[in-house]
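According to numbering that gives the first Met the number 0, the stretch in the sequence shown is residues 0 to 402, in order.
Backbone N, C-alpha and C fix where the C-beta goes; we use that ideal spot for every residue, glycine too.
Just so you know, these numbers come straight off a predicted model, no measurement behind them.
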Amino acid sequence: MARTVSIGNQDFESIQKNNYFYIDKTSLIKEWWERGDSVTLIARPRRFGKTLTISMLEQFFSNHYKGRGDLFKGLFIWEHEEYQKLQGTYPVISLSFANIKEMSYQGTKERIGQLISDLYSKYRTLLDSNQLDEVEKDYIKDVIRYQYQMPETIATMAIHKLSDFLCRHYGKKVIILLDEYDTPMQEAYVHGYWEEFVAFIRSLFHATFKTNPYLERAIMTGITRVSKESVFSDLNNLKVVTTTSNEYADSFGFTEKEVFCAMDEFGLSDQKEKVKLWYDGFTFGNISDIYNPWSIINFLDSKRLGLYWANTSSNSLVGKLIREGNADIKKSMEDLIEGKSLAVEIDEQIVFNQLDIDQTAIWSLLLASGYLKVKNYALDDIRGFFFMNWLKQTVRYCLCSKI
Numbered sequence: 000m001a002r003t004v005s006i007g008n009q010d011f012e013s014i015q016k017n018n019y020f021y022i023d024k025t026s027l028i029k030e031w032w033e034r035g036d037s038v039t040l041i042a043r044p045r046r047f048g049k050t051l052t053i054s055m056l057e058q059f060f061s062n063h064y065k066g067r068g069d070l071f072k073g074l075f076i077w078e079h080e081e082y083q084k085l086q087g088t089y090p091v092i093s094l095s096f097a098n099i100k101e102m103s104y105q106g107t108k109e110r111i112g113q114l115i116s117d118l119y120s121k122y123r124t125l126l127d128s129n130q131l132d133e134v135e136k137d138y139i140k141d142v143i144r145y146q147y148q149m150p151e152t153i154a155t156m157a158i159h160k161l162s163d164f165l166c167r168h169y170g171k172k173v174i175i176l177l178d179e180y181d182t183p184m185q186e187a188y189v190h191g192y193w194e195e196f197v198a199f200i201r202s203l204f205h206a207t208f209k210t211n212p213y214l215e216r217a218i219m220t221g222i223t224r225v226s227k228e229s230v231f232s233d234l235n236n237l238k239v240v241t242t243t244s245n246e247y248a249d250s251f252g253f254t255e256k257e258v259f260c261a262m263d264e265f266g267l268s269d270q271k272e273k274v275k276l277w278y279d280g281f282t283f284g285n286i287s288d289i290y291n292p293w294s295i296i297n298f299l300d301s302k303r304l305g306l307y308w309a310n311t312s313s314n315s316l317v318g319k320l321i322r323e324g325n326a327d328i329k330k331s332m333e334d335l336i337e338g339k340s341l342a343v344e345i346d347e348q349i350v351f352n353q354l355d356i357d358q359t360a361i362w363s364l365l366l367a368s369g370y371l372k373v374k375n376y377a378l379d380d381i382r383g384f385f386f387m388n389w390l391k392q393t394v395r396y397c398l399c400s401k402i
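Below, the structure is given as structure tokens:
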């Protein structure tokens, strides 16, 4: 009997406890741990399982889930005894910037302050810790009370300080998980407060991920790879994984084998060719034939083909760049929609304060956002060219459309 599809469920525990449809991606845990990178930034398009992955990682590593091996039994990671011993052994700080979509700098600061205040409330038990003095406990109380009125100097150091408190309380360095790290950055650019916001977020990231001796490891997920110079400053311990990287290539999205096995489970084997025509086309690293999970699970649930991924959200940043782009940009967009290919030089780093100047940055953003895919790559002297097209058609990286 086919498992139930739980649409929009991004909580790993809920999916496992209720035996909802799930494709095993726990191999990411082993790959990440054995790579040993201090801070890993993974960029993937929307609706590719980033939030569910963060939930999986939290529930595997967090000591709040100690003894919850039942969530991982039967999955790839539980076949390795050394990882069974690792489950539930670390203090974990997990947070998401997914809902920080404010139209002003002040609003964004307030939302981040509230997020940090809620995070501290989650660890209110530190107020009973013998490892913290009364001044430190008063600091925790203040952060909880600040909510929307948190001073910048407190907000930018708060995760660093919480790492210190948890490390001393549990006697072990912390793992930090940050989902959708770039959402407020895109909003800051679209609504015109990028220059104000970048100083704040640079200070927060520097204290959290660079000058944090209490950090064991960290993962950040997002859609774009924001340039190191604009946000990450001297964060030289950052491992960046984009859609063209080979690391974790099959950890986000479904492979064709996984999709076809799921279709067999749901009695849809006779529609494999149609599903391939509609949803195949994403390429991550050296792995092609990657399917968007949101499209597939909705198809399995409704048993009807539809534009599920395309209708999930608008992309205000992409829309802004296309509207304000020159005639060449608009002509290239028309060519892509008609199924033609585009050969462009791509810099996968997004420099927000240069998007108005560098017209070609739109292709980097469309590639990162999942609207275009790489068909092949070629070197011309010292430059690399991507051949791309509009997924289902196709940057000399060859970009192609995926819709």
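For my contact list, residue 271 and residue 259 are in at a C-beta cut-off of 8 Å; report their separation, rounded to the angstrom.
6 Å
First and last residue of the alpha helix (DSSP H) that includes residue 263?
255-264
Just to confirm before moving on: does the CB-CB distance between residue 278 and residue 294 stay below 8 Å?
yes
Please specify which runs of the alpha helix (DSSP H), each continuous and at least 4 residues long, are wholly inside the segment 213-237, giving them in chain order.
none
Nearest by alpha-carbon distance to residue 339: which of 372, 322 and 326 is it?
372
Measure the beta-carbon distance from residue 97 to residue 178 and round it to whole angstroms, keeping in mind my assumption that it falls under 8 Å.
6 Å
DSSP three-state label for residue 343, please.
strand
Local conformation of residue 20 per DSSP, three classes
coil
From 362, 349, 324 and 354, residue whose alpha carbon lies closest to that of residue 342:
362
In the DSSP assignment, find the beta strand (DSSP E) that holds residue 368 and state where it starts and stops.
That residue, residue 368, is in no beta strand (DSSP E); its alpha helix (DSSP H) goes 360-368.
Does the segment 212-222 touch the segment 42-52, meaning 3 or more C-beta pairs lie closer than 8 Å?
yes
Between the CA atoms of residue 326 and residue 25 - distance to the nearest angstrom
46 Å
Pair every Cβ in the segment 286-306 with every Cβ in the segment 75-89, then say whether three or more of these pairs are closer than 8 Å.
no
Keeping to the same chain, check which residues put their C-beta closer than 6 Å to that of residue 39; ignore five residues upstream and five downstream.
218 and 238
Consult DSSP for residue 84 and reduce its assignment to one of helix, strand or coil.
helix
Spatial neighbours of residue 381 in its chain, beta-carbon cut-off 7 Å, leaving aside the 5 residues before and after:
The predicted model places residue 381 with a pLDDT of 45, which falls under 50 and marks its position as unreliable; any figure quoted below should be read in that light. So no residue of the chain qualifies.
Closer than 8 Å is the cut-off here; do at least three beta carbon pairs connect the segment 99-114 with the segment 178-196?
yes
Can you tell me whether residue 148 is buried or exposed, with buried defined as 16 or more other CB within 10 angstroms of its CB?
exposed
If you compare alpha carbons, which of 130, 183 and 61 is closest to residue 176?
61
Among 250, 235 and 180, nearest to residue 285 - alpha-carbon criterion:
250
Nearest by alpha-carbon distance to residue 202: which of 182, 212 and 231 is it?
231
If you compare alpha carbons, which of 158, 91 and 137 is closest to residue 170?
91
Can you confirm whether the segment 155-175 touches the segment 198-214 when touching is taken to mean that 3 or more C-beta pairs between the two stretches lie within less than 8 Å?
yes
In or out: residue 276 buried (at least 16 other Cβ within 10 Å) or exposed?
exposed
What's the gap between the Cα of residue 35 and the Cα of residue 161?
23 Å
Out of curiosity, what's the CA-to-CA distance linking residue 244 and residue 129?
45 Å
Bounding residues of the beta strand (DSSP E) (the contiguous stretch that carries residue 350):
Residue 350 -> no beta strand (DSSP E), and no H or E assigned at all.
Helix, strand or coil: how does DSSP classify residue 192 here?
coil
Using the C-alpha atoms, what's the distance from residue 118 back to residue 139?
11 Å
Please determine, among 226, 319 and 321, the residue with the shortest C-alpha to C-alpha distance to residue 234.
226
If you measure between the beta carbons of residue 182 and residue 100, is that distance less than 8 Å?
yes
Buried or exposed for residue 155, going by 16 or more other Cβ atoms inside 10 Å?
buried
How is residue 407 classed by DSSP in three states: helix, strand or coil?
Limits of the chain in this structure are 0 at one end and 402 at the other, which puts residue 407 out of reach.
With C-beta atoms as the reference, is residue 405 less than 8 Å away from residue 13?
This structure leaves residue 405 out entirely; the chain is present only between 0 and 402.
Identify the continuous alpha helix (DSSP H) that holds residue 59 and give its terminal residues.
49-60
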